[in-house]
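J.:
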Amino acid sequence: MIVFTGCFGWGADGRLGLLPQENGPSADGHEIFAERGIRRCLREPMVCSALEPADLAGLERICERLPQLVPAAPSVLDHGDLWCGSVVADPAGEPVFIDPAVGWTWAESDFSMTYCCAPLPDRFFRAYEEISPCPTAGGTACPCRTVRDVVPYLFLPRNQTVDGEGPPASRGS
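Read in numbering that gives the first Met the number 0, the sequence shown has 44 at position 45, and its numbers run on one by one without any break.
#1: Could I get the ranges of all uninterrupted alpha helix (DSSP H) runs contained in the segment 56-84, with 4 residues as the minimum, in chain order?
#2: Tell me the residue span of the beta strand (DSSP E) that contains F189.
#3: Just to confirm, is the Cβ distance from I184 to L58 under 8 angstroms?
#4: Can you have a look at V95 and say buried or exposed, based on whether 16 or more other CB atoms are within 10 angstroms of its CB?
#5: Excluding sequence positions up to five away, which residues of its chain have a Cβ less than 8 angstroms from the Cβ of C6?
#6: For the alpha helix (DSSP H) that contains A91, what are its first and last residues?
#7: Return the chain-ordered list of same chain residues with a C-beta closer than 7 angstroms to the C-beta of L119, the five sequence neighbours on each side being excluded.
#8: Which residues does DSSP pair with S25 in a beta bridge?
#9: Which one of E107, I130, L76, D109 has the shortest CA to CA distance from G10?
#10: Quick one: grab the DSSP three-state call for L50.
#11: In its own chain, which residues sit with a C-beta less than 7 angstroms from the C-beta of G8, not counting the 5 before and 5 after it?
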């Protein structure tokens, strides 16, 4: 794991699902997660129309309380979108990872997307732990980190997801 204590973000903007993702640097991981990960989606009409006012208020409360909910941690070079759709075949047919959401963020963020898709086997987390110890590997990542990964599903046509397995809520995630 490459640790960088200077800032969070990335040198170029990217995508968060169907949305543009603002990735400019920030010294505050909580600010970048709340503003660019959650609140950025809450400004979208499709999200506002898909959620009840109480849901929107709840997401705002998560953003406000993020420093109390998620302990401060240094930024690490993170895949940022780690799920089965990030594995593709190279020209020789071998599996390789693609990095559509790479950036400097909390190490735990790598795991948040894994909870939005079909569950990964325990051996995945054990192998990750052998290479790069993370205090929350193996299923204990803070649930509010997953919010950033679930909200963009509201931009997909009803009952369609990128992995073809239905919306995360229908899978008990």
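A virtual CB, placed ideally from N, CA and C, is assigned to each residue, including glycine.
In this text, all values refer to a predicted model and were calculated from it rather than measured experimentally.
T.: In short:
#1: DSSP runs (the alpha helix (DSSP H)) wholly in the segment 56-84: none.
#2: Nothing can be reported for residue 189, as the shown portion of the chain is limited to 0 through 172.
#3: Residue 184 lies beyond the residue range present for the chain, which begins at 0 and ends at 172; the question has no answer from this structure.
#4: Residue mapping note: residue 95 aligns to position 96 of the sequence shown, counting from 1. Classification of V95: exposed, given that the 10 Å Cβ count is below 16.
#5: Numbered from 1 along the sequence shown, position 7 holds the residue referred to as residue 6. If the five residues before and after C6 are omitted, its C-beta is found closer than 8 angstroms to the C-beta atoms of P24, S25, A26, S74, W103, all from its own chain and listed in chain order.
#6: Locating residue 91 in the sequence shown gives position 92, counting from the first residue. Neither: A91 is in no alpha helix (DSSP H) and is coded neither H nor E.
#7: Reading the sequence shown from its first residue, position 120 is the one you call residue 119. Apart from the 5 residues on each side of it in sequence, L119 sits with its Cβ closer than 7 angstroms to the Cβ of T113 in its chain, given in chain order.
#8: Walking along the sequence shown from the start, residue 25 turns up at place 26. Note: S25 sits in a beta bridge opposite F7.
#9: Within the sequence shown, numbered from 1, the residue matching residue 10 stands at position 11. Selected option, being the one with the closest Cα: L76.
#10: For this step, residue 50 is matched to residue 51 along the sequence shown. Reduced to three states, the DSSP call for L50 is coil.
#11: Walking along the sequence shown from the start, residue 8 turns up at place 9. Hits under 7 angstroms: N22, G23, P24, S25, I31, G102, W103.
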